[in-house]
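Asker: This is the structure I want to talk about, given as structure tokens.
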Amino acid sequence: MAMSEKVFAERAARAVGVGRRRGVGDLLLYVPLIIFAIIFVFPFFWSVSSSLKPPDEILSFPPTLLPSVPRWSNYVRVFERAPFARWILNTIIVVVLATLGAVLSSSLVAYSFARFRYRGRDLLFMITLGTMMLPAQVTLIPQYILWSKLGFVNTLLPLFVPQWFGGGAFNIFLLRQFILTIPREFDEAAIIDGASRFHIFRAILLPLCVPALMTVVIISFIANWDDYLTPLVYLNSEMQYTLALGLSLFKNYPETGGEPLQHLLMAASVMTILPPVLLFFIAQRYFVQGIVMSGIKG
Amino acid sequence: MTDGVLPARTGRSTRPLLASLVGVNTMMQARDALWGYVFLLPWIIGLVVFFLGPIILSFLLSFTKYDVITPPQFVGLANYETAFTGDDLFWPSLWRTFEYSIVVVPVGLFGSLLLALMLNRGLPGTGFFRTAFFLSTLTPAVALALLWSWILNPDIGPINVALRAIGIPGPGWLADVHWALPSVILINLWGSMGGNTMLIFLAGLQGVPQELYEAAAIDGASGWARFRHVTLPMISPTFFFNLVLGVIGALKVFTTAFVVTGGNGGPNYALWFFALHIYQQAFSFFKMGYASALAWIFVVILLAFTYFQVVLSRRWVYYAGGDE
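If you're matching them up, the sequences are chains S and H in order. Read in the working numbering, the first sequence has 1495 at position 52, and its numbers run on one by one without any break. Read in the working numbering, the second sequence has 219 at position 123, and its numbers run on one by one without any break.
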């Protein structure tokens, strides 16, 4: 090992002169980069453009690249045609309560896995990781039966309550790994001062975990905002819908009085896409950290 | 050995009962262990109520006929027999799912790797390109499906308009029996290629020691040889991780196909994937027993694929840090 390291060092030293110089090849790389960027961004551009067209222009042939006059009132019209405000409210309720539950309970569980020694801990941790591989279909049916026997089908409860019981394996795993990097001396000093175990968690570890907690918040927010299968299974009256479910229903609304829906559908889609995208821009660092961590240590 | 599974040395005094129950030595440690259980409690409940309980229940249900309202009726292996021999949509939906996966997994993986390789050159503007590629992943699946239904509109969608402009009559895309599956493949590739897989590849690429490339360059290795003999082996663990997740993700394909077809499986069942088949049996026909049997078949398929990949990985995955 030492031998090869030495060889590497020598070679690296010699290589300094030939380091990374930008050549024509690198410049040419911009061609595929720009082509891919266009491929990935064009659909967004097209939906924003469509969302601002008047009803007659959206169905005209050939289609126009940009609306002749942007019609912002389309966005207002969405709220008139569908209970869109209600769907937003439902989604916010679910996202906030699910995220809060995930953050509180997964950090507590992660603390237990990271800092305590007891019988069955490692086995339970393995089982926890195992649940990540499980397809939702196999637990979905019994869970549905459970919620329906409790009488909570068509309420928002099944969408966020499970998050209060551990917050899912991935969040537990992420926070446990993070707590393990915090020196134990911090805990021990507090124990000598007579602090309770819960106090150590709340006053010492949680503040140090803020970056990892941010990651959990963002991933949980986006996952719950985007979720389609769970609301699809549990919610059946329009006023209970979340945005994702409402949006897909909106597609099937009848077009009345010669008003096509396409421009409104696009306006509604843009509004649904915007919050996760904005959140990503605000907290990009934490988000990428979480994804990368799952890949490297998974 | 230091863990102290042995009783205390004196022979006379053994460990306190509570301590030995929770697997530690002293009463002090036992009190600590109890706190550990207390903090674990939410997850123990969650695990039992939302995972372990449902897994057992769904296994038992798979041997019954059950519609939620009347009590379950034991039917033995009838559900499994129906699946394999008496269900006209079972095999087609399974093949459709494999057809989908066999395209999406390799194209998605190599596409993500290609994007990551381009970003890894560290050219000015990399941050912009990374964000541009990643945006599609942040799009909720429903919005993704609606966006693309509009773009693939056979009459006035921009793709067919552009094709017509250069003299090619565009296909009916999602409305066409033969084009529906390729359309969904296209949509989902767009929605995932620049996403998590790419970021994980990028992190893997950045973990390859620069010295290896320099050493290879000095030894006269061409760009391709460096990629083949340095990059690929060094990122093979990352590749493996993405492959396993990619296969599982592809086999579970559901939302896009559900939304673009309104849940009816598209023209002539062209988009009737296995996950949709399970969903329909359970929540449209309320055949909970049969759907549970299908879900268990699904679990076995996923486990088998994962197992084979782990076995095969020993031949091609290289761990720089030795065995892990």
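A virtual CB, placed ideally from N, CA and C, is assigned to each residue, including glycine. Please read all numbers here as calculations on a predicted model, not as lab measurements.
In chain order, what residues of the same chain have a beta carbon less than 8 Å from the beta carbon of residue 179 of chain H, not counting five sequence neighbours either side?
Answerer: Cβ neighbours of residue 179 of chain H beyond the five flanking positions: 186, 386, 389, 390, 393.
Asker: With a Cβ-Cβ cutoff of 7 Å, do residue 273 of chain H and residue 363 of chain H count as a contact?
Answerer: Yes.
Asker: Among all the DSSP beta bridges, which residues are the ones paired with residue 170 of chain H?
Answerer: Per DSSP, H:160.
Asker: Please report the residue range of the alpha helix (DSSP H) in which residue 1475 of chain S lies.
Answerer: Unbroken alpha helix (DSSP H) run through residue 1475 of chain S: 1473 to 1494.
Asker: Determine the DSSP secondary structure at residue 366 of chain H, reduced to helix, strand or coil.
Answerer: Residue 366 of chain H falls in the coil class under three-state DSSP.
Asker: In chain order, what residues of the same chain lie with their CB nearer than 8 Å to the CB of residue 344 of chain H, ignoring the 5 residues before and after it?
Answerer: So the qualifying residues of the chain are 398, 401, 402.
Asker: Can you list, in chain order, the residues of its chain whose CB lies under 7 Å from that of residue 1690 of chain S, leaving out five sequence neighbours each side?
Answerer: Around residue 1690 of chain S: 1711, 1712, 1715.
Asker: State buried or exposed for residue 1393 of chain S, treating a residue as buried only when at least 16 other CB atoms are found within 10 Å of its CB.
Answerer: No information on residue 1393 of chain S is available, as it lies outside the stretch 1444 to 1741 that chain S covers here.
Asker: At a CB distance below 7 Å, what residues from the stretch 361 to 379 of chain H approach chain S? Give them in sequence order.
Answerer: Result list: 371, 374, 378, 379.
Asker: What residues from chain S crowd round residue 150 of chain H, counting only those whose CB sits closer than 7 Å?
Answerer: By Cβ distance, chain S contributes 1582, 1585, 1586.
Asker: Spatial neighbours of residue 201 of chain H within its chain, please: CB distance less than 8 Å, with the 5 preceding and 5 following residues excluded, ordered by chain position.
Answerer: So the qualifying residues of the chain are 339, 342, 343, 346.
Asker: Quick check on DSSP: helix, strand or coil for residue 1506 of chain S?
Answerer: Residue state, collapsed to three classes: coil.
Asker: Taking 6 Å as the limit between beta carbons, can you name the residues of its chain near residue 1495 of chain S, skipping five residues before and five after?
Answerer: Cβ neighbours of residue 1495 of chain S beyond the five flanking positions: 1510, 1513, 1514.
Asker: Mind checking which residues open and close the alpha helix (DSSP H) that includes residue 1654 of chain S?
Answerer: Taken as a continuous stretch (DSSP letters only), the alpha helix (DSSP H) holding residue 1654 of chain S covers 1653 to 1669.
Asker: Within 7 Å of any Cβ in chain S, is that where the Cβ of residue 179 of chain H sits?
Answerer: Chain S, which has no Cβ nearer than 7 Å to the Cβ of residue 179 of chain H, makes this no.
Asker: Pick from S:1623, S:1466, S:1534, S:1557: whose alpha carbon is nearest that of residue 136 of chain H?
Answerer: Residue S:1557 is the option with its Cα nearest to residue 136 of chain H.
Asker: I want to know whether the stretch 159 to 178 of chain H touches the stretch 1666 to 1674 of chain S - three or more CB-CB distances under 8 Å.
Answerer: No: the two stretches stay apart, fewer than three of their Cβ pairs being nearer than 8 Å.
Asker: Chain S partners of residue 292 of chain H, CB-CB under 7 Å?
Answerer: Neighbours of residue 292 of chain H on chain S, chain order: 1734.
Asker: Which residues in chain H sit within 9 Å of residue 1530 of chain S, going by Cβ to Cβ distance?
Answerer: Simply none; closest approach about 12 Å.
Asker: Three Cβ pairs or more, each shorter than 8 Å: is that satisfied between the stretch 296 to 310 of chain H and the stretch 206 to 218 of chain H?
Answerer: Segments in contact, yes.
Asker: What residues in the stretch 1681 to 1702 of chain S bring their beta carbon closer than 7 Å to a beta carbon of chain H?
Answerer: Listed in sequence order: 1687, 1690, 1691, 1694, 1695.
Asker: Under 7 Å Cβ-Cβ, which residues of chain H neighbour residue 1574 of chain S?
Answerer: Here the neighbours are 147.
Asker: In three-state terms, what does DSSP make of residue 1695 of chain S?
Answerer: Three-state DSSP puts residue 1695 of chain S in coil, outside helix and strand.
Asker: From H:125, H:146, H:239, H:282, pick the residue whose C-alpha is nearest to that of residue 1577 of chain S; which is it?
Answerer: The option with the nearest alpha carbon to residue 1577 of chain S is H:146.
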